[in-house]
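Okay, structure first, notes after.
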Amino acid sequence: MMAYSEDQIALAAEYALGTLDAEERVQAETMMSADKEFAAMVEAWQHKLGVLNQMVGSVEPRPEVWNKIKSAISLSEAQAALVLPEAPPPAAPEIVEPSPVADTSNVIKLSVQARRWRNLATFATAIAAALIAMIAVGVYQPDLLPEAIRPKPRTQVVEVKIPSAPTSRSAQYVAVLQKEGGAPAFILTVDAATRNFTVRKVGASAEPGKSFELWLISDKLPRPRSLGVIGNSDFTARPVLASYDNDVINNATYAVTVEQAGGSPDGVPHSAPVFTGKLIETVPLAAPAPAPAR
Amino acid sequence: MLTPAELVWLIAAVAKGDEAAFERLYAATRAKLFGVVLRILRRQDLAEEVIQETYVKIWSSAGQFNPGLSSPITWMASIARNRAIDIVRKRGELSIEEEPAAMEVAADSPDPLARREMTEELKRLLECVGRLEPDRQKLVLLAYYNGWSREQLAAKFETPVNTVKTWLRRSMMDIRECLGL
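Keeping their order, the protein sequence lines are chains A and B.
Reminder that position 263 of the first sequence reads as 263 in the numbering used here, one-by-one numbering, no gaps.
Reminder that position 141 of the second sequence reads as 1141 in the numbering used here, one-by-one numbering, no gaps.
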């Protein structure tokens, strides 16, 4: 096993033991989705400790439980069937006239060089620092956002439901949207096959009368594109990425701004990005099961 | 209970969408998984919800099971247990005082197994846990079996949360060394 710090080893062990608090659990899960070896370390702990369950007595659940499981899986099958037949992606959205806003390509180029960070935390912090500064200065007027309306970097953890993926084998991409040096505020997950995305809110709450809005910023597009307002529910799932091509989706910067309640009225962001991040590919959790022995 | 090899076979079939295999897998494992989550959640309704979510997840991610890394029952129980822990952590943060009674009930220890029924892996782990100081053995086992938070453990051991934090970390590191992880 490679060299992890004692803190990371303890995080993996205590995740498996179950003694982390809700916030630390989200951190551990984020690391698991970004770092295959860390995930393997957690699995090893789960396996080592899992033998303790041999001593737990069995208890029969009521028969209704099975009926609910059965109907839940036939439901998700039906949904998957609706999404799966992948049509060729529609053309990219209409190209808008060159915007008066400064060209963002230099911002993006900076980050394109470094595609594969193994350590999510280092990655996100380094990028967020550069991007927040440069986007704020180069693209937006910095004075548009008084300190007072920026959400405080609270890390209150809300219920995070893990949406079950329609197909277990398609590649998943994840972006952790955070402030410079701050805890993750949103976790964006994109399914490569369906291009559905979900936003899990993990550490941010909008001020009263304001909404968080998610934007896609790409050097291929003249201005930030809204991906919609992030709802108050724990995660928001939307199919709107279907109209962008993979290159744009994979290389874009995702940013969250604070907008008036209900979102930007004119399709243009009105605050500097409060949380930003880029997608990284998450490695499949494990190799597929081998063919059954005969 | 089916043998681990039979369970691996069933999971492989489930990964291919075999509903009959899924039903057999459920029949073979539901009572164990329900026992595990009920201990942690202490509420029938919540435990049933977790079981439901767990099997839906098993159905959708059976292809990710790697028999080289884990045994089938441990893999399934980890999914169930993680979900249960997530729920108690979130409820715990709302109000820890809400259920002092539950802490009393939860102090009992799980079924002792006859030594000859234990797997080698379990014997080895228990040997390592047994090398910890008596209080810390209890701490680790209560954390695992009952899903207690550091705050609950601190209350039980009448010690500050930070001390519990240090003990837990130290204990896990000791276990790690003992197991040669």
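Don't be surprised by glycine CBs; every beta carbon is placed ideally from N, CA and C.
Of all residues in the segment 1029-1055 of chain B, only R1030, A1031, K1032, F1034, G1035, V1036, L1038, R1039, E1048, I1051, Q1052 and Y1055 place a beta-carbon less than 7 Å from a beta-carbon of chain A. Checking the DSSP bridge columns, you'll see B/L1181 has no partner listed. Counting only runs that start and end inside the segment 1028-1099 of chain B, there is no beta strand (DSSP E) element of at least 3 residues. For A/L11, the CB contacts under 6 Å within the same chain, skipping 5 residues up- and downstream, are A28 in chain order. Distance from the Cα of B/Y1145 is smallest, within the candidate group A/L49, A/L279, A/A192 and A/V248, for A/L49. Shown in chain order are the members of the segment 1065-1082 of chain B whose Cβ falls below 9 Å from a Cβ of chain A: F1065, N1066, P1067, G1068, L1069, S1070, S1071, I1073, T1074, W1075, A1077, S1078, R1081 and N1082. Contact note: B/K1156 does not reach chain A at a C-beta cutoff of 7 Å; the least C-beta distance is about 13 Å.
Straight through space, the alpha carbons of B/L1141 and B/P1134 are spaced by roughly 11 Å.
Excluding residues up to 5 positions away in sequence, W45 lie with their Cβ nearer than 7 Å to the Cβ of A/A13 in the same chain. Contacts with chain B at 8 Å (Cβ-Cβ) do not include A/H270.
A/N53 counts as buried, since at least 16 other C-beta atoms from the protein chains shown sit within 10 angstroms of its C-beta. Secondary-structure assignment with DSSP links A/G228 through a beta bridge to A/L214. Within the same chain, F38, A39 and V42 come within 7 Å of A/M32 by CB-CB distance, once the 5 residues on both sides are set aside.
In the DSSP assignment, B/A1005 falls within the alpha helix (DSSP H) that extends over P1004 to A1015. At a cut-off of 8 Å, the C-beta of B/D1135 has no neighbouring C-beta in chain A. For the pair B/I1079 and B/K1057, the CB atoms are nearer than the 8 Å cut-off. With the criterion set as a beta carbon lying under 8 Å from some beta carbon of chain A, the members of the segment 1139-1152 of chain B are V1140, L1141, A1143, Y1144, Y1145, G1147, W1148, S1149 and R1150, in sequence order. Residues of chain A whose Cβ lies closer than 7 Å to the Cβ of B/W1059 are, in chain order, I73.
When rounded, the separation of the alpha-carbon atoms in B/S1171 and A/A206 is 40 Å. Taken through DSSP and simplified to helix, strand or coil, A/T194 comes out as coil. Neighbours of A/R223 in chain B, taken as residues whose beta carbon is under 8 Å from its own, are absent, since the nearest beta carbon is some 38 Å off. Residue-level contact by beta carbon fails for B/L1007 and chain A, as no gap is shorter than 8 Å.
At least one C-beta of chain A is nearer than 8 Å to the C-beta of B/D1086. B/V1140: member of the alpha helix (DSSP H) spanning P1134 to N1146, first to last residue. Here A/R200 is buried: its Cβ has 16 or more other Cβ atoms, across all protein chains shown, within 10 Å. Remark: C-beta atoms of B/T1003 and A/V51 do not approach each other more closely than 8 Å.
Collapsing the DSSP output to three states places A/T253 in a strand.
With a cut-off of 8 Å on Cβ pairs, the segment 209-228 of chain A is in contact with the segment 262-276 of chain A, counting three or more such pairs. By the Cβ test, the segment 1033-1051 of chain B is in contact with the segment 1075-1089 of chain B, since at least three Cβ pairs between them sit closer than 8 Å.
Per the coordinates, the alpha-carbon of A/N67 lies some 18 Å from the alpha-carbon of A/V59. Here the C-alpha atom of B/V1161 lies approximately 40 Å from the C-alpha atom of B/L1007. When 8 Å is used as the limit between beta carbons, A/V51 is near these residues of chain B: T1074, T1119, E1121, L1122 and L1125, in chain order. When B/L1126, B/W1059 and B/R1081 are compared, the shortest CA-CA separation from B/E1023 is found for B/W1059.
Against chain B, a Cβ distance below 8 Å from A/E60 picks out R1030, A1031 and F1034. As DSSP reads the structure, A/T189 sits in a beta bridge with A/V174 and A/T198.
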